[in-house]
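Chains as they are written, first to last, in my numbering: chain A, 1453 to 1787; chain B, 335 to 645; chain C, 34 to 330.
Cβ atoms here follow ideal geometry from the backbone N, Cα and C, with glycine treated the same way.
Here the structure is laid out as structure tokens; the discussion comes afterwards.
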Amino acid sequence: MEDAILNINDLYVEYVTDDARIFAVNGLDLVLFKGETLGLVGETGAGKTTTALSVMQLLPERTGVIKKGSIKLDGVEITKATENKMRGIRGDNVSMVFQDPMTSLNPTITVGEQIAEVLVLHKKYSTKAEIDNRVDEIMKMVRLQPERKNEYPHQLSGGMKQRIVIAIALACEPKLLLADEPTTALDVTIQAQVLELMRELKEKINTSMILITHDLGIVAQACDKVAIMYAGEIIEGGTVEDIFLAKNHHPYTVGLFNSIPNLTSKASRLQPIAGLMPDPTDLPSGCNFSTRCPNCMEICKEKKPPKFIRNGHMIRCHLFNKSFAGEEDHSCVIY
Amino acid sequence: MLRFTGKRFLMMLPILLSISFIIFSIMEFTPGDPARTMLGDYAPQEAVDALREEMGLNDPFIVRYINYVSDAVRGDFGESYRTGRSCVSEIAKRFSSTLKIATYAMIISMIIGIPVGIISAIKQYSGIDVIAIMSSLLLTSIPPFWLGLMLIMLFTLTLHWLPSVGSTSWKSFIMPSIAMAAAQMATLIRMTRSTMLEVIRQDYIRTAKSKGASEGWIILKHSLRNALMPIITVIGIDFGNLLGGALIIENVFGISGLGTLMVTSVKSKDTPMLVASVMFAALLSSLVNLLVDILYTYIDPRVKTQLIKTH
Amino acid sequence: MAMTNDRNSTSSDIKRRGQLGIIWRQYRKNTLAMVGLIVFLLLVCVAVFSPVFLDYQNDIILMNNKIRLQAPSAEHILGTDQYGRDILFRIIWGSRVSLVVGLFTVGVALLVGGIIGAISGYYGSVIDNFLMRIMDVFLAMPATIMAVAIVGALGPGLINLLIAMSIARIPQFARVVRSSVISICGQEFVEAARACGTKDFRIIMRHILPNCVGPIVVQCTLHMATTILGVAGLSFIGLGIQAPVPEWGSMLSEARDFMQTNFNMMLYPGIAIVIAVLSLNLIGDGLRDALDPRLKK
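Written out as structure tokens, the structure is:
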């Protein structure tokens, strides 16, 4: 797929410490095209942030290792890129928005300077006046008054800080934006505003986006495609309609939907998924979800389920080998 | 800004006053009679008594203290029992040497200590880091006066490069400053290292990296400013320690400064001189702390904006 | 970490006993810290047992001009000083002096400073403000200068030296104890104890202070190190331990006149100081690292 913005193929990422090896990402495949928004959904520890950091090549130096696989950003192989090359790519071709806006900004530098920094780093303009103009422009885009660019982060509210962070991420009009739970630390009302802003900007600049979240509501609102991650793998993927409306789902996805409290139903208890995610240093043989799956079969404990695809909807579960079998179309929307 | 400076300056005064009270009270316990000391052991008792009346030594403690403070505020710290000259003039002649040693030592320790600390933090656990930590542990354990003696052994007696006594030329200050700088350097290395390590772990450093900034850029534009803030405070506090250490170093190198003045006045029970020199040292160290506080408000925008808001 | 059946144990007791084991194990991993500990324990043994092998009158202070200023030999391993006294023996005895002064100074400063800090931290508001203002006054004076002033007023001598050195350290101990107390006071088991109606004094003694022990012990070792350095410095200029008691600092002062001819006189007492202070610094650092939860690998 040559025209894909992002093409991750068979990615394996580990964290290696003195005591243990943590298998964070285990065989991840992902494709993203221009202008698409992919929701990457999963519990804490599923490997979503690790995946994003791998794309940015920002894994912790001494412990994070890409063991295997390829990541192609707009055709460029990231895993083999030199640090110099990566520095040119970060902030310019791919940007990341992190979770906590409170601590993501340097408290001793004005917010305007912090936006300008990414422009200066990538030599986008030659004169100070041009840079100032662009900073003003960007601040207006994120609906902040340009006059506030000389203020310090502690003088802004949480929502405003996150908008600055988004402004920084989009200043160079990157091809891909990675947003790691950008609204988790914000109030629900601000959350809606920020998401709307991101959608608007994304469309304006025609950036592709990976939106990492554990909140299915956000996914429904903001994403075109969805990939559900569990224990380092994508276990279900498809368009947002596939995930929300289709009949067939991975048992984990079913569990996810069931654990959402529903205003309209009269249930008296929530239905969480039993058990915990497996220890990433000691993954089970066979399917990673086998220990918690209500539909677990013998084969699940022994063999890793392959990907079953129908009409672009992919489910990685032995349950579907009959119903999805025999399909001609083997291309998944996200793979 | 000026109001802030003024306020802090005013806060210094009660502290200095309290110090003077404490010193004065301590001096109450000094055995011996100053009048007797001045006139000598063979002077007749009447003469001594007369002198005591004249000097006001028979007045109650509070009266004497108040007289002392009111004189001091006008710049009169009394006369030395030993030399008879005004304490202030004696101090004025000598404090520059002490100040020079302390200042040079601080500057040397900053020039070497801070960069080493930064490198140590960036390349944590590397060879340089290990050497830096080891040497700073060693340096804090070496008594500065012994280091001074060793330096004299090497540079004066063996190599004949530097003078070991007196404060004649700039050369006489090299060894004393180095001897004092060693321990201070070690402290700065360790402090800089630990503040840098903390700063490196912060989220905004991660943001800077994701913008595509290089290591050098991040250090200069992000890490340094945040790491240096606590270090500057430490420098202010440590300056007082350097003044104290200069006392002993002066003895090693035969430099006639505030320290030797203090020690001589202790040995000759010259109370006014001692009190005056202690007060001067306290004043000096408080001033430095004040300067550091002001500097800090300029550097830390959070404090700056607080100030602007409340004034 | 066994649960005991002792009805008097509270959850904070059990936490403490288990924690000690964890801290010790963490400390053991640090080679330098262990070296420091072993060296210091050796030093303590030397100091404690030296009277068994050495006699103060004959070995330490007896002058013998016939054998003065000798270079190191089999008879006198580090040589003799200007009064014919064996340098090694004097250095060994000097360890007693330094350790005793160090222990007393830190002990007194800890006691007084600890009480001030605990009261200040526990009761807060007016008392806290008042006490801390007083501490600030003392902190505004450089320690050495204050010590000189006090010794100057009271006269040289062991007790006055101890007073002078302790006073300089009291504010720092007060500060450390106060901040430990404040951070622990915020924790819930203190609220729980208060809710049960426990008297304040009991809360401080049984719950708060035991949990402050970590940072306090670190401060103790580091302050002992600075005290030894401070006493050496004061003795060097004649305001500390008086002759003929052997103290490393005063030995160095005496060595100055003989620097070129008898370098050994100036070298070995200095090395003794470095070893003592370094071992204490290593212990203090090792403890600090062992107590820091972030550094567990």
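Residue-chain proximity (residue i, chain B), Cβ-Cβ < 7 Å
{"i": "Ala-173 (chain C)", "result": "yes"}
{"i": "Arg-40 (chain C)", "result": "Because Arg-40 (chain C) sits at a pLDDT of 45, beneath the cut-off of 50, its placement in the model cannot be relied upon, and the following sentence gives the value as read from the coordinates. No, no contact with chain B."}
{"i": "Tyr-1467 (chain A)", "result": "no"}
{"i": "Asp-1676 (chain A)", "result": "no"}
{"i": "Val-81 (chain C)", "result": "no"}
{"i": "Ser-1737 (chain A)", "result": "no"}
{"i": "Thr-1501 (chain A)", "result": "no"}
{"i": "Thr-1733 (chain A)", "result": "no"}
{"i": "Gly-112 (chain C)", "result": "no"}
{"i": "Met-34 (chain C)", "result": "Per-residue confidence for Met-34 (chain C) stands at a pLDDT of 39, beneath the threshold of 50, marking its modelled position as unreliable; no derived number is given."}
Chain C within 7 Å of residue i, Cβ atoms only
{"i": "Trp-495 (chain B)", "result": "no"}
{"i": "Pro-477 (chain B)", "result": "yes"}
{"i": "Ile-582 (chain B)", "result": "yes"}
{"i": "Ala-615 (chain B)", "result": "yes"}
{"i": "Val-597 (chain B)", "result": "yes"}
{"i": "Val-600 (chain B)", "result": "yes"}
{"i": "Leu-471 (chain B)", "result": "yes"}
{"i": "Met-509 (chain B)", "result": "no"}
{"i": "Ile-353 (chain B)", "result": "yes"}
{"i": "Trp-480 (chain B)", "result": "yes"}
Chain A residues whose Cβ lies nearer than 9 Å to that of residue i
{"i": "Gly-550 (chain B)", "result": "Ordered by position in chain A, no residue passes the 9 Å Cβ test against Gly-550 (chain B), which lies about 11 Å from the chain."}
{"i": "Arg-419 (chain B)", "result": "In chain order: nothing, as chain A lies at least about 51 Å away."}
{"i": "Thr-639 (chain B)", "result": "Glu-1603, Tyr-1604, His-1606, Gln-1607"}
Any chain A beta carbon closer than 7 Å to residue i
{"i": "Ser-544 (chain B)", "result": "yes"}
{"i": "Ala-547 (chain B)", "result": "yes"}
Buried versus exposed, by CB contacts within 10 Å (16 or more), residue i
{"i": "Arg-527 (chain B)", "result": "buried"}
{"i": "Gly-461 (chain B)", "result": "exposed"}
{"i": "Ala-426 (chain B)", "result": "exposed"}
{"i": "Gln-293 (chain C)", "result": "exposed"}
{"i": "Ile-465 (chain B)", "result": "exposed"}
{"i": "Ala-186 (chain C)", "result": "buried"}
{"i": "Ala-176 (chain C)", "result": "buried"}
{"i": "Ala-1443 (chain A)", "result": "With chain A covering only 1453 through 1787, there is no way to say anything about residue 1443 (chain A)."}
{"i": "Cys-229 (chain C)", "result": "exposed"}
{"i": "Cys-78 (chain C)", "result": "exposed"}
{"i": "Pro-635 (chain B)", "result": "buried"}
{"i": "Val-1465 (chain A)", "result": "buried"}
{"i": "Asp-1481 (chain A)", "result": "buried"}
{"i": "Glu-280 (chain C)", "result": "buried"}
{"i": "Thr-480 (chain B)", "result": "This sequence places Trp at residue 480 (chain B); Thr is not what is there. Buried."}
Chain B residues whose Cβ lies nearer than 8 Å to that of residue i
{"i": "Pro-1559 (chain A)", "result": "Tyr-538, Asn-560, Pro-635, Arg-636"}
{"i": "Leu-1510 (chain A)", "result": "Arg-540, Lys-543, Ser-544"}
{"i": "Ile-120 (chain C)", "result": "Near Ile-120 (chain C) there are no residues of chain B at all, since even the closest Cβ is about 15 Å away, more than 8 Å."}
Whole-angstrom C-beta distance between residue j and residue i, which should lie under 8 Å
{"i": "Leu-496 (chain B)", "j": "Met-487 (chain B)", "result": "Not quite, the Cβ-Cβ distance comes to about 11 Å (not below 8 Å), so this is no contact."}
{"i": "Leu-1492 (chain A)", "j": "Lys-1500 (chain A)", "result": "5 Å"}
{"i": "Ile-203 (chain C)", "j": "Gly-140 (chain C)", "result": "Not quite, the Cβ-Cβ distance comes to about 12 Å (not below 8 Å), so this is no contact."}
{"i": "Cys-1675 (chain A)", "j": "Gly-1543 (chain A)", "result": "Contact flag wrong, Cβ pair sits at about 24 Å."}
{"i": "Phe-338 (chain B)", "j": "Thr-631 (chain B)", "result": "7 Å"}
{"i": "Gly-135 (chain C)", "j": "Met-257 (chain C)", "result": "4 Å"}
{"i": "Leu-267 (chain C)", "j": "Ala-180 (chain C)", "result": "6 Å"}
{"i": "Phe-1760 (chain A)", "j": "Pro-1703 (chain A)", "result": "With 8 Å as the limit, Phe-1760 (chain A) and Pro-1703 (chain A) do not qualify as a contact, their Cβ atoms being about 13 Å apart."}
Neighbour list for residue i in chain C, Cβ cutoff strictly below 9 Å
{"i": "Ile-569 (chain B)", "result": "Near Ile-569 (chain B) there are no residues of chain C at all, since even the closest Cβ is about 14 Å away, more than 9 Å."}
{"i": "Val-612 (chain B)", "result": "Met-174, Ile-178, Met-179, Val-181, Ala-182, Gly-185"}
Cross-chain neighbours of residue i in chain C, by beta carbon under 7 Å
{"i": "Leu-608 (chain B)", "result": "Ala-182, Gly-185"}
Residue i: contacting residues in chain B (beta-carbon distance under 9 Å)
{"i": "Ile-1657 (chain A)", "result": "Near Ile-1657 (chain A) there are no residues of chain B at all, since even the closest Cβ is about 17 Å away, more than 9 Å."}
Partner residues on chain B for residue i, Cβ-Cβ distance less than 7 Å
{"i": "Ser-1547 (chain A)", "result": "Ser-544"}
What are the residues of the segment 512-541 of chain B that lie near chain A, defined by any Cβ-Cβ distance shorter than 9 Å? Gln-536, Asp-537, Tyr-538, Ile-539, Arg-540, Thr-541
Quick one, which residues of the segment 1564-1582 of chain A are near chain B if we go by CB-CB under 7 Å, in chain order? Glu-1569, Val-1570, Leu-1573, His-1574
Interface positions of the segment 174-201 of chain C facing chain B (Cβ-Cβ less than 9 Å), listed along the chain: Met-174, Pro-175, Ala-176, Thr-177, Ile-178, Met-179, Ala-180, Val-181, Ala-182, Ile-183, Val-184, Gly-185, Ala-186, Leu-187, Gly-188, Pro-189
Cβ-based contacts, 9 Å cut-off: residues of the segment 277-293 of chain C near chain B: Trp-281, Gly-282, Leu-285, Ser-286, Ala-288, Arg-289, Met-292, Gln-293
Residues of the segment 1514-1543 of chain A with a CB closer than 9 Å to any CB of chain B: list them in chain order, please. Arg-1514, Glu-1535, Asn-1536, Met-1538, Arg-1539, Gly-1540, Ile-1541, Arg-1542, Gly-1543
Residues in the segment 305-327 of chain C having any Cβ partner in chain B nearer than 9 Å: Ile-306, Val-307, Ile-308, Ala-309, Val-310, Leu-311, Ser-312, Leu-313, Asn-314, Leu-315, Asp-318
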